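Comments concern the structure below.
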Amino acid sequence: MGSLMAAVASFLAARSCAGRWLVRIEDVDRPREVAGAADRILFDLERFGFEWDGPVWYQSVRQLHYRDALDRLIAAEHAYPCACSRREVQMAALSGVDGYRYDGRCRSGLPEGGKTRAWRLRVPDECVVYQDGVQGWQSQNLPQDVGDFVLLRADGCWAYQLAVVVDDAEQGVNQVVRGADLLDSTPRQICLQRLLGYAQPKYFHIPVIANSRGEKLSKQTCAPALVEGSEVRQLWTALHLLWQSPPRGLREASLPEIWQWALSHWSVNGMPQKRSISVAVDQSLEYTFLKLSK
Ligand SMILES: [Zn+2]
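For the sequence shown, this note's numbering begins at 2 and goes up steadily by one.
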């Protein structure tokens, strides 16, 4: 349901202002890739009646572009090699928004005999401030909250932050609509956009659904899977959880009818400025809001 909500929100945001909606498969994290997962996602999108514009981009075939971007950052001395093992990084870690942050020990050069394992960004000493279309003004102090983050990992995989920034720029993305679980990543992406001379898209971070303990719903926290054959019901629920107040009668509509309603009513104005919303899910897959306090 969380993935469906992000797809619905971004699709409606794009189409309600005559924009194009792009589908990109972010498959650079090779050790975690599941065979057939990308095809399954595209099949599910079609099942719900989504139509995307242009070809689907696969990050796994775009690695030379990430290499070019990294080379530019290295040439400008914005990136540096890091010799630390995962264990060394964790032993010396300081606290940050992701739980810990790198202490920057390779910033002024590799240690004696050290080999390059990963490449990191030398984060500028500044606060990134931007206005999110849902969450309002956001600010993050990169050195204190994040530290020098990884661009190319020791296992040879490209970091999500670099890959999305390069692809967003090359695809001409000017609006990013996604779950608020990615809110803390955005300043890193804005920082990279500035250093690489890319335009900054407008960001909209929608509240994600969570259980009563505030944990994002996922397979690990027993989120129910989207069963085939009840697409309209599930779209109705996604619209309901996206604060669109769909009329109850729309649950019996056809796919084109519910999409038409959703397109003509899309608005982010009523959405709460919250990272997550607690919901309960019952046996018949009905979602109920648990509490609406700030
Ligand atoms: Zn290091």
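Ideal Cβ positions, reconstructed from N, Cα and C, are used throughout, including at glycine.
Only a predicted model underlies this, so the values are computations on that prediction, with no experimental measurement involved.
Are the CB atoms of residue i and residue j nearer to each other than 9 Å?
| i | j | result |
| --- | --- | --- |
| Y67 | W159 | yes |
| F205 | A10 | yes |
| R21 | W58 | no |
| V177 | P208 | no |
| L23 | G55 | yes |
| A14 | L46 | no |
| V321 | D185 | Limits of the chain in this structure are 2 at one end and 295 at the other, which puts residue 321 out of reach. |
| Y103 | G148 | yes |
| V282 | L218 | yes |
| L197 | V167 | yes |
| A200 | A239 | no |
| R16 | L251 | no |
| R213 | Q245 | The amino acid at residue 213 is misidentified as Arg; the sequence shows Ser. No. Outside cutoff. |
| R189 | F150 | yes |
Skipping 5 residues on each side, what residues in its chain have a beta carbon closer than 7 Å to that of residue i?
| i | result |
| --- | --- |
| F290 | I278, V280 |
| D30 | C158 |
| D146 | G97, V98 |
| S294 | Any reading at S294 needs caution, since the residue's pLDDT is 48, under 50, leaving its predicted position unreliable; the model's value is listed next. Nothing listed; no residue qualifies. |
Given that a residue counts as buried once 16 or more other Cβ atoms are within 10 Å of its Cβ, and exposed if not, what is residue i?
| i | result |
| --- | --- |
| Q60 | buried |
| Q261 | exposed |
| C107 | buried |
| Q162 | buried |
| G215 | exposed |
| G3 | buried |
| V90 | buried |
Which same chain residues, not among the five before or five after residue i, have their C-beta less than 8 Å away from its C-beta?
| i | result |
| --- | --- |
| H301 | Here the chain has residues from 2 to 295 only, and residue 301 is not among them. |
| E232 | R48, F49, G50, L256 |
| A181 | V135, Q136, H206, I207, P208, V209, K275, R276, S277 |
| K116 | A84 |
| A211 | K217, L218, S277, I278, S279, V280 |
| V349 | The shown model of the chain, from 2 to 295, leaves out residue 349, and the question about it has no answer. |
| A77 | L196 |
| E258 | L251 |
| R154 | A119, A160 |
Just tell me which of the options has its CA closest to the CA of residue i.
| i | options | result |
| --- | --- | --- |
| V129 | H79, E89, C192 | C192 |
| M272 | D133, E127, E78 | D133 |
| A119 | L236, Q201, C83 | C83 |
| Q64 | V98, L152, W53 | L152 |
| L122 | D104, L74, D99, E89 | L74 |
| V124 | I42, P112, K116, Q141 | Q141 |
| F12 | R179, G37, S86, A77 | R179 |
| A80 | L111, L183, W267, S285 | L111 |
| S86 | D156, N175, Q190 | D156 |
| H266 | W237, Q284, W53, T187 | W237 |
| G230 | A76, E253, E52, R108 | E253 |
| P144 | R154, Y131, E127 | E127 |
| A19 | Q194, R154, W53 | W53 |
Only counting the same chain, and skipping five residues up and downstream in sequence, which positions put a Cβ closer than 6 Å to that of residue i?
| i | result |
| --- | --- |
| M92 | none |
| Q235 | L227 |
| L95 | R102, D104 |
| N1 | No answer is possible for residue 1: it lies beyond the span of the chain, which begins at 2 and ends at 295. |
| R249 | none |
| T187 | Y204 |
Check: Got a list of residues with beta-carbon closer than 6 Å to any non-hydrogen atom of ligand 1, in chain order?
Finding: C83, A84, C85, R106, C107
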